[in-house]
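Numbering (numbering that gives the first Met the number 0), first residue to last: 0 to 150. Where is the CB? At the ideal position from N, CA and C, for every residue including glycine. Okay, so here's the structure we're looking at.
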Amino acid sequence: MASKIDPILEYDFCVAFLSNKWHTPPSNLKDFVVTSIQQTKSNATNMVSIISNFLKNKSFDPYVKDCLRTCFDLYSDSVSALDNAVVAFKNKDFDTASTKVSVSLDSPVACQGLFNDKKGENKSPLTKENRAYFQFSVIPFVFIQMCRIHN
Numbered sequence: 000m001a002s003k004i005d006p007i008l009e010y011d012f013c014v015a016f017l018s019n020k021w022h023t024p025p026s027n028l029k030d031f032v033v034t035s036i037q038q039t040k041s042n043a044t045n046m047v048s049i050i051s052n053f054l055k056n057k058s059f060d061p062y063v064k065d066c067l068r069t070c071f072d073l074y075s076d077s078v079s080a081l082d083n084a085v086v087a088f089k090n091k092d093f094d095t096a097s098t099k100v101s102v103s104l105d106s107p108v109a110c111q112g113l114f115n116d117k118k119g120e121n122k123s124p125l126t127k128e129n130r131a132y133f134q135f136s137v138i139p140f141v142f143i144q145m146c147r148i149h150n
């Protein structure tokens, strides 16, 4: 159903996410939203770590390093925005929760776009990770919209 609400959400990705082995399975839609935001935050934290490791790699040219630094900041901002999204959602402030999750949606798009050089080549070492992270971010966004509809 979620992939029908937002066609950006890939059906197979959503099914895989929902099939995840949860430590504590969500018992209702609201618990699922909080859990999905926390999972997305965990992925944002992982992206920060991946980018940090790439920044240590001396083989990247200065252009790519600058892009990586900006991506590091974008994903770091996502971590704090997702913390705020959980608080807002628990307070039933769905507008703020959606806005905060949107920050997380924007991070991989903005990050990926940074790597397009003047020749139009994409030099991103994060293409696969940005794409997966975007899908992770869409999930809580869509489910917040579902809560908004049912509230």
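Task: Residue environment, Ile50, which counts as buried when at least 16 other CB atoms sit within 10 Å - done: Here residue 50 refers to the residue found at position 51 when the sequence shown is read from its first residue. Counting Cβ neighbours within 10 Å, Ile50 comes out buried, since at least 16 surround it.
Task: Close Cβ partners of Ala43 (< 6 Å) along its chain, the five nearest in sequence each way excluded - done: By one-based count along the sequence shown, residue 43 stands at place 44. These residues qualify, in order along the chain: Tyr74, Ser77 and Val78.
- [ ] Round the Cβ separation of Cys66 and Phe133 to the nearest angstrom and send it over; I've been treating them as touching at under 8 Å.
- [x] Indexing the sequence shown from 1 puts residue 66 at position 67. Indexing the sequence shown from 1 puts residue 133 at position 134. The beta carbons of Cys66 and Phe133 sit about 17 Å from each other, so the pair does not count as a contact at 8 Å.
Open item on the list: Less than 8 Å between CB atoms is the rule here; does Val63 satisfy it with respect to chain B?
Closed with: This model lacks chain B altogether, as it is built from one protein chain only.
Task: Inter-stretch contact (C-beta, 8 Å, three-pair minimum) for the stretch 97–111 and the stretch 53–65 - done: Touching, no, given that fewer than three Cβ pairs across the two stretches are closer than 8 Å.
TODO: For Ser35, I'd like the list of residues in its chain whose CB is within less than 7 Å of its CB, leaving aside the five on either flank, ordered along the chain.
DONE: Locating residue 35 in the sequence shown gives position 36, where the first residue counts as 1. Only residues of its own chain outside the window of five on either side were considered, and among them Ile138, Pro139 and Phe142 have a CB closer than 7 Å to the CB of Ser35, listed in chain order.
TODO: For Phe135, collect the residues of the same chain with a Cβ closer than 6 Å to its Cβ; drop the 5 residues on either side in sequence, then sort them by chain order.
DONE: Your numbering for residue 135 matches position 136 in the sequence shown. Cβ within range, chain order: Thr39 and Asn42.
Task: N-terminal and C-terminal residue of the alpha helix (DSSP H) that Asp45 is part of - done: Here the question's residue 45 lines up with position 46 in the sequence shown. Checking the displayed sequence, the identity of residue 45 turns out to be Asn instead of Asp. Where Asn45 is concerned, the enclosing alpha helix (DSSP H) stretches over Leu28 to Lys55.
Task: Whether Ala84 touches Lys99 by CB criterion (8 Å) - done: Reading the sequence shown from its first residue, position 85 is the one you call residue 84. Reading the sequence shown from its first residue, position 100 is the one you call residue 99. In this structure, Lys99 lies closer than 8 Å to Ala84 by Cβ.
TODO: Grab me the residues of Ser58's own chain with a C-beta within less than 7 Å of its C-beta, minus the 5 sequence neighbours each way, in chain order.
DONE: Here residue 58 corresponds to residue number 59 of the sequence shown, with the count starting at 1. No residues qualify anywhere along the chain.
- [ ] Entirely within the stretch 63–131 and at least 3 residues each: give me those beta strand (DSSP E) ranges in chain order.
- [x] Listed in chain order, there is nothing to give.
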